């Protein structure tokens, strides 16, 4: 049965896209959007890229302009967190003491940046990047000659490093692991990006341990005994799913809210979407939690359609991107350390594609300034068919032709 | 062709392939040129959502997918067909003259 009132908790991209899809599919019932942040839904990728590169203007990428929510009769309760879910009564309690009843509830509560365990209280110059305010707080620190210490050589840390170098900051990146972006990209790409950052003047260190940060102008103490005087510290060491609300309500939770391929939790009236959703992906054949723009949009759309009775299965090949020093990196699929690697084009010149194959099938591809090829690679991964690796590595053979031959064979 | 005096050439028709659209510049504007079943179509190159070039996009049937955020448009009508794109592309009628794909930049179509 289609509910008369959908409550969306979390005004990020997933929440915004779920609402857009509900209205786009003709849902005429009531919609209430509750957000702990004071803002309407916005896209977060630019917070660590354009927002830090172009200090002359501040361009927020809104999912929809404010007028859209009025036109589409979306009630907004922004700047107020949900504190509890009463599943029996089908109500949520808000931090301002009010409550809302729901027919269907979408939990799109996102994630919170992981804090440094050694930092016992917040420090005005030790920043994370997740919200508009986080990015705004960092912008004034990006001045010529300032020293920025970045903890974590993941996507966020390296994007911040690239922006800071563009403004003439001295940049030190401290990573505990032996390589950069280890969770998201193959070793070869990590090496290329370590080289890139070092060539651009970043002091990039692996196996680095931070044992303390102290002082108003923060001094970073390393396990090696070294001390780094910083003007600001940025911590980019991953995020934690905001699943406490679901957990407290007795929903199944394991590194995020457990949902099926349609986004349904173990309560038939409650769904989860976006970064917080630990969802089953039938194409990949397993469950996973994704922190990506694509997932925040499309998994949320699947949830909206399912609520409207369309039983929409979300089964896409994952896709991510990162922009550093004007080089666009796109990743599709999930990197596998056991994979065989095939290269196409000029990766050393940051223009080509790296494929990872397992049992002759492409499981992951990383493209550097190669958006069109990467998009075809995503199709090839989706076929799950064995591929001629010699053809993959030969730029004279068009990837679209490889894909077409797979498609006609299937 | 009576209006041919207003036409500007964008590219060689032979350079456009079904799975590989072409980026063309004329009078400071940037266009994407598509071909489907022998017919040519011209849209603005810049996605209406963000800084993606549709001439670099992925083609499936009558749709182009932006390489930046994977939103989609019907390149024949300009209509958006997949999130996050919501605003239509500007389109122009493609004329093939002496092997060149041409448009009238002033042509008013939605």
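Protein chains in written order, with this note's numbering: chain A, 2 to 411; chain B, 23 to 132.
Beta carbons: idealized from backbone N, C-alpha and C, even for Gly.
Just so we're clear, the structure is a prediction, and the values are computed from it rather than from any experiment.
Residue i versus the options, residue with shortest Cα-Cα distance
i	options	result
residue 87 of chain A	A:349, A:132, A:247, A:188	A:247
residue 53 of chain A	A:90, A:326, A:152	A:326
residue 49 of chain A	A:96, A:132, A:28	A:132
residue 15 of chain A	A:89, A:411, A:45	A:45
residue 251 of chain A	A:261, A:262, A:240, A:266	A:266
residue 77 of chain B	B:122, B:31, B:95	B:95
residue 407 of chain A	A:253, A:392, A:314	A:392
residue 93 of chain A	A:211, A:260, A:212, A:9	A:9
residue 212 of chain A	A:259, A:118, A:157, A:320	A:118
residue 285 of chain A	A:350, A:363, A:268, A:229	A:363
residue 329 of chain A	B:113, B:97, B:89	B:89
residue 17 of chain A	A:106, A:43, A:202	A:43
residue 298 of chain A	A:320, A:309, A:68	A:320
residue 209 of chain A	A:238, A:29, A:310	A:238
Status (buried if at least 16 other CB within 10 Å, exposed otherwise) for residue i
i	result
residue 324 of chain A	buried
residue 277 of chain A	buried
residue 306 of chain A	buried
residue 122 of chain A	exposed
residue 3 of chain A	exposed
residue 92 of chain B	buried
residue 162 of chain A	buried
residue 244 of chain A	buried
residue 339 of chain A	exposed
residue 99 of chain A	exposed
residue 224 of chain A	exposed
residue 7 of chain A	buried
residue 379 of chain A	buried
residue 1 of chain A	Any property of residue 1 of chain A remains undetermined from this structure, which presents chain A solely from 2 to 411.
residue 333 of chain A	buried
residue 356 of chain A	buried
residue 184 of chain A	exposed
residue 374 of chain A	buried
residue 317 of chain A	buried
residue 148 of chain A	buried
residue 136 of chain A	buried
residue 125 of chain A	exposed
Own chain, CB closer than 6 Å to residue i, minus 5 neighbours either side, in chain order
i	result
residue 226 of chain A	none
residue 11 of chain A	109, 110, 111
residue 37 of chain A	82
residue 26 of chain B	Bear in mind that the predicted position of residue 26 of chain B carries a pLDDT of just 49, short of 50, making it unreliable; the figure below should be weighed with that in mind. Nothing listed; no residue qualifies.
residue 23 of chain B	The pLDDT assigned to residue 23 of chain B is 46, lower than 50, so where the model puts this residue is not dependable; a value taken from the coordinates is nonetheless given after this. There are no such residues.
DSSP state of residue i mapped onto helix, strand, coil
i	result
residue 39 of chain A	coil
residue 59 of chain A	coil
residue 79 of chain B	coil
residue 53 of chain B	strand
residue 307 of chain A	helix
residue 108 of chain B	coil
residue 323 of chain A	strand
residue 92 of chain B	coil
residue 410 of chain A	helix
residue 62 of chain B	strand
residue 345 of chain A	strand
residue 331 of chain A	strand
residue 3 of chain A	coil
residue 31 of chain B	strand
residue 400 of chain A	helix
residue 361 of chain A	coil
residue 203 of chain B	What the structure shows of chain B is the stretch from 23 to 132, and residue 203 of chain B is not part of that stretch, so it cannot be assessed.
residue 12 of chain A	coil
residue 68 of chain A	helix
residue 412 of chain A	Because chain A spans 2 through 411 in this model, residue 412 of chain A falls outside it and cannot be assessed.
residue 43 of chain B	coil
Nonlocal neighbours in the same chain, by C-beta distance under 7 Å from residue i, ignoring five residues either side
i	result
residue 75 of chain A	20, 32, 34
residue 73 of chain A	24
residue 371 of chain A	346, 352, 353, 354
residue 257 of chain A	242, 244, 277, 278, 279, 290
residue 205 of chain A	154, 174, 195, 198, 199
residue 106 of chain B	71, 91, 93
residue 415 of chain A	A query on residue 415 of chain A cannot be resolved here, the shown segment of chain A reaching from 2 to 411 and no further.
residue 191 of chain A	180, 181, 182, 183
residue 313 of chain A	263, 303, 306, 307
residue 344 of chain A	353, 355, 394
Contact set for residue i: own chain, Cβ-Cβ below 8 Å, skip 5 residues either direction
i	result
residue 361 of chain A	387, 388, 390
residue 95 of chain A	35, 78, 81, 82, 83, 84, 101
residue 146 of chain A	169, 170, 171
residue 116 of chain A	129, 236
Q) For the region 74-147 of chain A, which segments carrying the beta strand (DSSP E) assignment without a break, of at least 3 residues, lie completely within its bounds, in sequence order? A) The region 74-147 of chain A is shown to contain whole beta strand (DSSP E) runs of 3 or more residues at 75-79, 83-87, 92-95, 100-102, 105-108, 112-114, in chain order.
Q: Could you pull out every unbroken alpha helix (DSSP H) segment of at least 4 residues lying fully inside the region 228-299 of chain A, listed in chain order?
A: 245-249
Q: Scan the region 150-225 of chain A and note each continuous beta strand (DSSP E) run of 3 residues or more that stays entirely inside, going in chain order.
A: 171-175, 204-206, 211-215, 220-223
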